[in-house]
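Visitor:
Protein chains: 4
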Amino acid sequence: MPTAKKKPNVSPSPERRRELLDTAAEVFAAQGYNATTVRKIADAAGMLAGSLYYHFDSKESMLDEILATFLDELWTGYDTVLAAGLGPRETIEALVTESFREIDRHRAAVAIYQKEARTLATQPRFGYLADSQTKFEEAWLGTLERGVADGVFRAGLDIRLTYRFIRDTVWVAVSWYRPGGQHSPEEIARQYLSMVLDGVAVRT
Amino acid sequence: MPTAKKKPNVSPSPERRRELLDTAAEVFAAQGYNATTVRKIADAAGMLAGSLYYHFDSKESMLDEILATFLDELWTGYDTVLAAGLGPRETIEALVTESFREIDRHRAAVAIYQKEARTLATQPRFGYLADSQTKFEEAWLGTLERGVADGVFRAGLDIRLTYRFIRDTVWVAVSWYRPGGQHSPEEIARQYLSMVLDGVAVRT
Amino acid sequence: MPTAKKKPNVSPSPERRRELLDTAAEVFAAQGYNATTVRKIADAAGMLAGSLYYHFDSKESMLDEILATFLDELWTGYDTVLAAGLGPRETIEALVTESFREIDRHRAAVAIYQKEARTLATQPRFGYLADSQTKFEEAWLGTLERGVADGVFRAGLDIRLTYRFIRDTVWVAVSWYRPGGQHSPEEIARQYLSMVLDGVAVRT
Amino acid sequence: MPTAKKKPNVSPSPERRRELLDTAAEVFAAQGYNATTVRKIADAAGMLAGSLYYHFDSKESMLDEILATFLDELWTGYDTVLAAGLGPRETIEALVTESFREIDRHRAAVAIYQKEARTLATQPRFGYLADSQTKFEEAWLGTLERGVADGVFRAGLDIRLTYRFIRDTVWVAVSWYRPGGQHSPEEIARQYLSMVLDGVAVRT
DNA sequence: CATGAATGAGCCTTCATTCAT
DNA sequence: AATGAATGAAGGCTCATTCAT
């Protein structure tokens, strides 16, 4: 949830706004937030740097809105899964699949998130990033523990390590995933889950 | 392999040089290369910003040397493994273990690499990053293919996807790994390998 | 011919551009290019140092444009003279007169040229300075030779020495010439020519 | 006459001092005073930048000593000429010849003087440059006036213009003169005087 | 809505200079 | 006499941001 603004902000047409944010997200993802100048965004949007300030308060507020919008949608999906009352394995499967769908839909936002979240989370304005991470961790850790208790997941593993393993494994895919490629998000999810759950080695 | 320098560079005492590079690496890793000002590095080293230029040509050359040194050592380890004539599964195990050891030894450099390599690789000066990536890919892909041919790894998986899966899974650990923590690199490697090779799910 | 630029450069209003260049030329001429800080130019222009970069790529590109513009106009004048088919003496007279007119019109640029050309000409960006010098030399040397052949100029003199003598004699005037002084450029040219052609001594 | 110093200054061997000043003068002449870094001088002298400060107080004091030494020698020569009681034409001839000899002996210093004197003369430390210029002007102007009165020089010319003409004409030669070239200073002086006194044109 | 022009803070880097050894 | 290392003051340049038009 972005911080309060002062001047224009929500007034202009939301479509133009979204267009510009998409452009900005693409540039942020490609070059990194810090390395992205407002001018580059403006160039990509076909306007002058100063003109962006009619639509947004600051470069940071663009980043804010991009990430907040993404996390909003992400949690809508996650919450649905978590509320569905599935078993641990099915929950993991659904969460992973949902994650790949988000990568498919919000590639740029996810890439930005991956690269910048850790640093940003320390700033008050981006406190919601830390909150999200906590919620995220709770959901996964709980599910994994439940799975171990139910005998669905192996007992020998460090549960926290396993959580990080699965989490990273999924999100890092954004670094090579390109929407419209040969694999659908669901197909990639299936393969990932197969590796994560059953391993790469042939069972002996 | 860092680019050619002209002025001081290797002449002054290598220990001080390394000290400063370690400091710089820590700051780069914590704040990101772009967000790191030369002043921050100097502060952390207890000197003035300008004084760094007695030891290094530029901020970029510090980054260069940090990454090049890291990759040098990494490949020393990898090459030893690859030349050992191990079977596919054992090669993977040795590579993963070696990787965690490198994370343990060069945490900062690995973190920088993770965050900046993609962008840097396009610059001529950092061409060696792209070269390394290619070599890396060949080594892993070859090993995996051999493993599938030998019936050690499951045949149903997309080999490229599997490569990315393992690669990312390992390196991303740098984001949470802290040297001197409760798990040794070897212990973490063992758990990772257990998950990657045999999966998280209980065998049915 | 200035080097190719990329960003703003020619787009903004050419009048402001010229204004700023005139200011810059004045400061360059008074203090020397190296000793002139961008801040001094900005002060003289009544703006902040950074603001200059809206109009120009760099301090060097200002210098470039000042010199290139001057040489362009200079050669327009020279070429007209050289194409007029005058006799050797009349050509020299016309070239000298034209030169003093240029000093009158572009005092600052000429002063900069005098002081910096030699050093600048070695840089690729300012290669056109060397080219101009070559063309210049050819024109004068040719005219002098023609004059000697025609019996208009004395035969005993080292032609190259004579060329340098006249050339320097003319341009060095920029060091004391002030537009709007008691002598017009044409009047100064007449006196100079009188000395150069007929000598200072009373004929015996 | 250089300003007073504080620390070492005259203590070390005068030969080394002179050696270093010659080196410095050469670099100043080649690159310009401002563009010359202390490091470049030290490089040319085969030592480190800081080491120069054992011999000299500052970069400026090197310049000071170079120029002061040159002017000292120059005035020794000029004063001898002026005290010889020669006629106006012979005085001019002797001064010009002496000037070319100085260019031959102190090429670097003369070059520096030509390029930097105007700017330096405004600084108190270099006040002696302005003094010298005044003395110089008086000597020449007086001689020229005497020559016109005596009927040796043409009456029609602006005397001040003539003075500048001859003065510049001579000193500017430093820009192309190379010691050890095909013409001796005396030979060049003869040719210059021939042009200045009798003109380039054939007498009709 | 957008432009053109400018601001001001801050960044990387250079360089004359100092000083303990 | 000279070195190695550091200082501190600029200097050129970038960039987010502002604002009148």
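Residue numbers (the UniProt record's numbering), protein chains in the order written: chain W, 1 to 204; chain G, 1 to 204; chain C, 1 to 204; chain E, 1 to 204. Glycine included, every Cβ here is placed at the ideal spot set by N, Cα and C.
How big is the Cα-Cα spacing for A117(G) and Y33(G)?
Guide: Distance between the alpha carbons of A117(G) and Y33(G) is about 11 Å.
Visitor: Within its chain, find whatever has a CB closer than 6 Å to the CB of G85(G); leave out the 5 residues flanking it on each side and keep chain order.
Guide: Closer than 6 Å at Cβ, skipping near neighbours: no residue.
Visitor: Hey, out of G199(C), A49(C), L48(C), K59(C), whose CA is closest to A25(C)'s CA?
Guide: Nearest option by C-alpha distance: K59(C).
Visitor: Going by alpha carbons, who is nearest to A30(W) out of T122(G), L193(G), R190(G)?
Guide: Answer by Cα proximity: T122(G).
Visitor: Against chain C, which members of the segment 157–171 of chain E pass a CB distance test of less than 8 Å?
Guide: Under the 8 Å Cβ criterion, the segment 157–171 of chain E contributes L157, D158, L161, T162, R164, F165, I166, D168, T169.
Visitor: Could you check what DSSP says for A4(C) in three-state terms: helix, strand or coil?
Guide: Reliability of the predicted coordinates at A4(C) is poor, the pLDDT of 38 falling under 50, and no value is obtained from them.
Visitor: Please name the residues in the segment 83–99 of chain G whose beta-carbon is closer than 8 Å to at least one beta-carbon of chain W, in chain order.
Guide: If the cut-off is 8 Å between Cβ atoms, the segment 83–99 of chain G has R89 near chain W.
Visitor: Between residue 236(W) and chain G, is there a C-beta pair that is closer than 8 Å?
Guide: Outside the displayed span of chain W (1 to 204) sits residue 236(W), for which this structure offers no information.
Visitor: Could you round the C-beta distance between A139(W) and L197(W) to whole angstroms and report it? I think they count as a contact, below 8 Å.
Guide: So it is not a contact: roughly 18 Å between Cβ atoms.
Visitor: Answer with buried or exposed for G199(C), where buried requires no fewer than 16 other C-beta atoms within 10 angstroms of its C-beta.
Guide: The residue is buried, with at least 16 neighbouring Cβ atoms inside 10 Å.
Visitor: Mind checking if W140(E) is an interface residue toward chain C, Cβ cutoff 8 Å exclusive?
Guide: Closer than 8 Å: no.
Visitor: Is R203(C) close to chain E? Criterion is C-beta to C-beta, closer than 8 Å.
Guide: Yes, its Cβ sits closer than 8 Å to a Cβ of chain E.
Visitor: In the DSSP assignment, find the unbroken alpha helix (DSSP H) run with K111(E) in it and report its ends.
Guide: Reading the sequence as shown, one finds Ala at residue 111(E) and not Lys. Counting along the chain, the alpha helix (DSSP H) containing A111(E) begins and ends at 107–120.
Visitor: Would you say T119(C) faces chain E, with C-beta separation under 8 Å as the test?
Guide: It does: the Cβ of T119(C) has a partner Cβ on chain E nearer than 8 Å.
Visitor: Assuming contact is defined by CB atoms lying nearer than 8 Å, are R101(E) and P179(E) in contact in what I supplied?
Guide: Not in contact: R101(E) and P179(E) (Cβ atoms no closer than 8 Å).
Visitor: Give me the Cα-Cα distance between L193(E) and Q133(C), rounded to the nearest whole angstrom.
Guide: Using only the alpha carbons, I get a separation of about 26 Å.
Visitor: May I ask you to list the residues that DSSP assigns as paired with F153(E)?
Guide: Answer is A201(C), bridged to F153(E).
Visitor: What are the boundary residues of the alpha helix (DSSP H) that L161(G) is part of?
Guide: Unbroken alpha helix (DSSP H) run through L161(G): 159–171.
Visitor: Tell me which residue opens and which closes the alpha helix (DSSP H) that F70(W) is part of.
Guide: Its alpha helix (DSSP H) spans residues 59–82.
Visitor: Taking only beta-carbon positions, decide if W176(C) is within less than 8 Å of chain E.
Guide: Taking Cβ atoms only, chain E reaches closer than 8 Å to W176(C), which makes this a yes.
Visitor: What does a CB cutoff of less than 8 Å around E73(W) pick up in its chain, not counting 5 residues either side in sequence?
Guide: Around E73(W): E102, R105, H106.
Visitor: Here's the rule I'm using: 16 or more other beta-carbon atoms within 10 Å means buried, otherwise exposed. How should A149(C) be labelled?
Guide: Classification of A149(C): exposed, given that the 10 Å Cβ count is below 16.
Visitor: Excluding the 5 residues flanking A109(C) on each side, which residues of the same chain have their C-beta closer than 6 Å to its C-beta?
Guide: Same-chain partners within the cutoff: A25, I66, F70.
Visitor: Would you mind sorting Q114(E) into buried or exposed? The rule is 16 or more other CB atoms within 10 Å of its CB.
Guide: By the 10 Å Cβ count, Q114(E) comes out buried.
Visitor: Would you call A201(G) buried or exposed, if buried means 16 or more other Cβ atoms sit within 10 Å of its Cβ?
Guide: Buried is the call here.
Visitor: Would you mind reading off the limits of the alpha helix (DSSP H) that contains R39(W)?
Guide: From DSSP, the alpha helix (DSSP H) with R39(W) extends over 38–45.
Visitor: Assuming Q182(E) contacts L161(C) (C-beta within less than 8 Å), just tell me the rounded distance between them.
Guide: Q182(E) to L161(C), Cβ: 10 Å. No contact.
Visitor: Tell me whether A155(C) is buried or exposed, calling it buried when 16 or more other Cβ atoms sit within 10 Å of its Cβ.
Guide: Counting Cβ neighbours within 10 Å, A155(C) comes out exposed, since fewer than 16 surround it.
Visitor: Using a Cβ-Cβ cut-off of less than 7 Å, list which residues of the segment 31–50 of chain G approach chain W; keep chain order.
Guide: So the close ones are Q31, G32, N34, A35.
Visitor: From the beta carbon of L67(E), is the nearest beta carbon of chain C less than 8 Å away?
Guide: Cβ-Cβ to chain C under 8 Å: no for L67(E).
Visitor: Any C-beta of chain C sitting closer than 8 Å to the C-beta of K115(E)?
Guide: Yes, K115(E) lies at the interface with chain C (some Cβ there is under 8 Å from its Cβ).
Visitor: With a threshold of 8 Å on Cβ separation, who are the neighbours of residue 280(W) within its own chain once the five nearest residues in sequence on each side are excluded?
Guide: The requested residue 280(W) is not part of the displayed model; chain W covers only 1 to 204.
Visitor: Helix, strand or coil for Y33(G) per DSSP?
Guide: Y33(G): coil per DSSP, three-state reduction.
Visitor: Residues of chain E with CB under 8 Å from Y128(C), in chain order?
Guide: Ordered by position in chain E, no residue passes the 8 Å Cβ test against Y128(C), which lies about 20 Å from the chain.
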